[in-house]
Amino acid sequence: MSRPRLRPAGDRGLLLETGDPQTTVGVCAALRQADRPEIEDLIPAAATVLVRVARGTDLTDLGNWLLATAAAAVTVGSTTADRTPAGPGTGELLIPVRYDGPDLTDVAAATGLSPAQVIAAHTGTPWQAAFVGFAPGFAYLIGGDPRLAVPRRAQSRTEVPAGSVALAGEYSAVYPRRSPGGWQLIGTTEVTLWDQAADPPAAIQPGRWVRFVNEEDRS
Amino acid sequence: MTLTVLRPGPLALLQDGGRHGHAADGVGRAGAADRASHARANALLGNDPGAVAIEVTLGGLVVRADADLTVAVTGAPAPAEIDGDPAAHDTAIALRRGQTLRLRAPKVGLRSYLAVAGGLDVPLVLGSASTDTLSGLGPAPLGKDHVLTIGTGGSAPAARLPSATALGEPETTLRVLFGPRQDWFTDPTALTAGRWRVSPQSNRVGVRLDRPDPDSPDLSRAGDAEIPSEGIVLGAIQVPPSGQPVLFLADHPLTGGYPVVAVVLDEDIDQAAQLRPGQHLRFASV
Chain B
1 MSRPRLRPAG DRGLLLETGD PQTTVGVCAA LRQADRPEIE DLIPAAATVL
51 VRVARGTDLT DLGNWLLATA AAAVTVGSTT ADRTPAGPGT GELLIPVRYD
101 GPDLTDVAAA TGLSPAQVIA AHTGTPWQAA FVGFAPGFAY LIGGDPRLAV
151 PRRAQSRTEV PAGSVALAGE YSAVYPRRSP GGWQLIGTTE VTLWDQAADP
201 PAAIQPGRWV RFVNEEDRS
Chain C
1001 MTLTVLRPGP LALLQDGGRH GHAADGVGRA GAADRASHAR ANALLGNDPG
1051 AVAIEVTLGG LVVRADADLT VAVTGAPAPA EIDGDPAAHD TAIALRRGQT
1101 LRLRAPKVGL RSYLAVAGGL DVPLVLGSAS TDTLSGLGPA PLGKDHVLTI
1151 GTGGSAPAAR LPSATALGEP ETTLRVLFGP RQDWFTDPTA LTAGRWRVSP
1201 QSNRVGVRLD RPDPDSPDLS RAGDAEIPSE GIVLGAIQVP PSGQPVLFLA
1251 DHPLTGGYPV VAVVLDEDID QAAQLRPGQH LRFASV
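What follows is the structure in C-alpha cells.
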C-alpha cells in the first residue's frame, strides 16, 4: 500500500489514488463514515476513488482533508475491517451457485486445478466488493484465492445471462442483468442481485462481503 | 390532462434533474444534457426546476394538447408552430385543447426543452424519470401516440430565471482544467491548440471530436499502457488510442479505462451539450 495521492478532476471533482483495490475499500469506508455534506458521490475503482462534490466546494480544503483521511485509513490498514453487519443489506451475502458455467473447464486448465478444486477455491474464501462498474449493480469482488486469477476470454460474449458467476483477473463477479461480457463463466445463481424497485437496487454495494456456496453441498 | 405525441422526431426523451445518489449501485445520473435550458423551461412556467420535461434533439417533435395547457420551449431555438402559426421561443405560451405544437429543426444548437406547466407525471426509476441511454434505465424514448399525463406541480413563475445557454457562436470555446491524466500525453496542450470538430457519432453519452485542420498537433499518448478503469466526472475529456477525444455528457459511464486529459468546467457543460455535429470548437485552459 502506498501513500494516497490526489489528482485534479475538473471543478467538481478530485481523484484520489489509492494504488490497489484493497486500499480503495479501506479509504472509501473512511470517507463514507465521515459523511461530509459537500461530497455528493464516491466512485471507487481498482486503484482510485473519484470524489464528486457540490458546486462551490473549496477543492484545496477538501483535498487536504481527503489526503489526511485517506492516509489515516491506510495506516490503520484493512486488517481492522470486520465483517459484522452494520445495517440492513450490509452483512455477508451468501450466494448459492450451481457450478455449471461453460468456462469452468477452461478455468481449470488455465489455473492447473481440477474443476472440483476451482469450486473449492471459489467457495473457500470470503470475497469483498471493492467497487462497481461496467453495468448497474456489477460489483468487482476481491480477496479470493490467488490461484483463481485468470485472463478474460479471448472472445467476449454478446450475451451473458443474468446470474452468471464469473472470474477475470483477480476479480469475481455475478452478472446482475443480462449483458455482453468477456469474463470466464464458472456457474449460475438464482439470487437476484439487481432489483430496480428495491432500495438499494444493487444487492452488492462497495464494501459488502460475499460468500459463494456450492448448491450441491447444500442439498 | 394529457399531451399526446404525434411524432417524436429524431429523438425525444423524458428528462429531469437526474438520478442522484446511486453511484454505489453503478448507476449514473443521466438527466437533462443542457441543465440550464431544462431548468429555465420549468422556471418560465413556475415548475420545480427539476420537473420532468421533454428533451428534443434537432426538433421534429409534434404534440397535441388534450386540454388547455401552458408550455415553454427553451434551449436550441427550434422554430415552433401552433396549428401552423409561429409561436415564441423561450417564453410561456398557451396551447389550447386540440391544438398541435410542432418543433422544426433548429438552425443553431442541438437540444430543445419542452416543458408543460405542472410538469409531466412519469413513473420514477431510482428516484428519477430520466432516460439513461447508456444503462437503459428510465422510460423508453417517446414514440408516436405516446400519451403523457400532466402533473400538478408548480405555481408562480420563478423570480429569477436560470440564464439561457449561449448558442450559435460560429466557434464555441469551452474552458478546461487539465488532469487527472495529462501526464499520459506527450503534449497535453495539444488539446488547447487549434480547432476541434464535433463528429456525427456524438450522443448523450459524449461529444466525439476530430480535427478539421490537418496541421493540428496530435493529442498522442506517451505510452501504450492501460490505466485500470477509474471514475469519470461529467465533462471529462477521455482520449482513446485513436487520439480522438470524447467529451462526456449526461449519460457518461461511471468509470472508464482511457486517460482523461482535462475536464470541462461545470458552467460550460450546457454549451457542450448544445454542440452540433460538424460544429467547430476550441478548448481554453483556465
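Line by line, the protein sequences give chains B and C. 154 is the number that our numbering gives to position 154 of the first sequence; each next residue is one higher, with no gaps. 1046 is the number that our numbering gives to position 46 of the second sequence; each next residue is one higher, with no gaps. Glycine included, each C-beta is placed from N, C-alpha and C at the ideal position.
Collapsed DSSP secondary structure at residue i in the structure displayed
i: THR23/B; result: helix
i: ARG32/B; result: helix
i: ALA1156/C; result: coil
i: TRP183/B; result: coil
i: GLU92/B; result: coil
i: HIS1089/C; result: coil
i: THR214/B; result: Just to set this straight, residue 214/B is Asn in the shown sequence, not Thr. Note: ASN214/B maps to strand in three-state DSSP.
i: ALA166/B; result: strand
i: ASP1215/C; result: coil
i: LEU980/C; result: Because chain C is modelled from 1001 through 1286, residue 980/C falls outside the range shown and cannot be assessed.
i: SER1128/C; result: strand
i: VAL1147/C; result: strand
i: ARG1181/C; result: coil
i: THR105/B; result: helix
i: GLN1271/C; result: helix
i: SER1112/C; result: strand
i: HIS1252/C; result: coil
i: HIS1280/C; result: strand
i: ASP1068/C; result: coil
i: LEU1120/C; result: strand
Delimiting residues of the alpha helix (DSSP H) encompassing residue i
i: GLN117/B; result: 115-124
i: THR60/B; result: 59-76
i: GLN128/B; result: It is not in any alpha helix (DSSP H) - GLN128/B instead sits in the beta strand (DSSP E) that spans 127-132.
i: GLY204/B; result: The amino acid at residue 204/B is misidentified as Gly; the sequence shows Ile. Segment: none, ILE204/B is in no alpha helix (DSSP H) and carries neither H nor E.
Contact check, residue i vs residue j, beta carbons under 8 Å
i: GLN1182/C; j: VAL1239/C; result: no
i: VAL1286/C; j: ARG1111/C; result: no
i: ARG1197/C; j: ARG1211/C; result: yes
i: ASP1016/C; j: ALA1041/C; result: no
i: LEU42/B; j: ALA1023/C; result: yes
i: GLY1151/C; j: LEU1120/C; result: yes
i: ARG211/B; j: PRO126/B; result: yes
i: HIS1038/C; j: ALA1030/C; result: no
i: ALA1036/C; j: SER1163/C; result: yes
i: LEU1254/C; j: ALA1272/C; result: no
i: LEU1167/C; j: VAL1108/C; result: yes
i: VAL97/B; j: THR188/B; result: yes
i: THR1091/C; j: LEU1013/C; result: no
i: PRO180/B; j: SER164/B; result: no
i: ASP1218/C; j: ALA1250/C; result: no
i: ARG1026/C; j: GLY182/B; result: Residue identity check: residue 1026/C is Gly in the sequence provided, not Arg. Cβ distance not < 8 Å, so GLY1026/C and GLY182/B don't count as in contact.
Cutoff 8 Å; reference residue i; Cβ partners in own chain excluding five residues on either side
i: LEU1124/C; result: none
i: LEU1095/C; result: ALA1065, ASP1068, LEU1069, THR1070, VAL1071, ILE1082, LEU1101
i: GLY1143/C; result: VAL1005, PRO1008
i: GLY1223/C; result: TRP1184
i: THR79/B; result: The pLDDT assigned to THR79/B is 45, lower than 50, so where the model puts this residue is not dependable; a value taken from the coordinates is nonetheless given after this. Excluding positions up to five away in sequence, the list is empty.
Any non-hydrogen atom of the ligand MG closer than 7 Å to residue i Cβ
i: ASP1268/C; result: Within the structure as shown, the ligand MG is missing, as the structure has no ligands at all.
8 Å Cβ cutoff, residue i in contact with chain B
i: LEU1249/C; result: no
i: GLY1154/C; result: no
i: ASP1025/C; result: yes
i: VAL1233/C; result: yes
i: LEU1124/C; result: no
i: LEU1177/C; result: yes
i: THR1255/C; result: yes
i: PRO1245/C; result: no
Range covered by the beta strand (DSSP E) that runs through residue i
i: LEU1174/C; result: 1171-1178
i: ILE1237/C; result: 1236-1238
i: ALA1080/C; result: 1080-1082
i: VAL1260/C; result: 1260-1264
i: ALA1065/C; result: 1062-1065
i: THR1133/C; result: THR1133/C -> no beta strand (DSSP E), and no H or E assigned at all.
i: TRP194/B; result: From DSSP, TRP194/B is part of no beta strand (DSSP E); its letter is neither H nor E.
i: ALA1054/C; result: The sequence as given places Ile at residue 1054/C; Ala does not occur at that position. First-last of the beta strand (DSSP E) with ILE1054/C: 1053-1057.
i: ASP41/B; result: 39-44
Residue i at chain C interface by Cβ criterion, 8 Å
i: GLN205/B; result: yes
i: GLU133/B; result: According to the sequence provided, residue 133/B is Gly. The question's Glu does not apply to it. Yes, because at least one Cβ of chain C sits closer than 8 Å to the Cβ of GLY133/B.
i: ASP103/B; result: no
i: PRO146/B; result: no
i: ILE142/B; result: no
i: LEU93/B; result: no
Contacts around residue i, its chain only, beta-carbon distance under 7 Å, and the 5 residues preceding and following it disregarded
i: ALA9/B; result: LEU15, LEU50
i: PRO1186/C; result: Note that residue 1186/C is Thr in the sequence shown, not Pro. Around THR1186/C: SER1220, ALA1222.
i: PRO115/B; result: LEU104, THR105, ALA108
Cutoff 6 Å; reference residue i; Cβ partners in own chain excluding five residues on either side
i: ARG7/B; result: LEU15
i: ALA30/B; result: THR69, ALA73
i: VAL150/B; result: VAL107, ALA110, LEU167, GLN184
Check: Between the region 185-202 of chain B and chain A, which residues of the former have a C-beta closer than 8 Å to a C-beta of the latter?
Finding: No chain A appears in this structure, whose protein chains are B and C.
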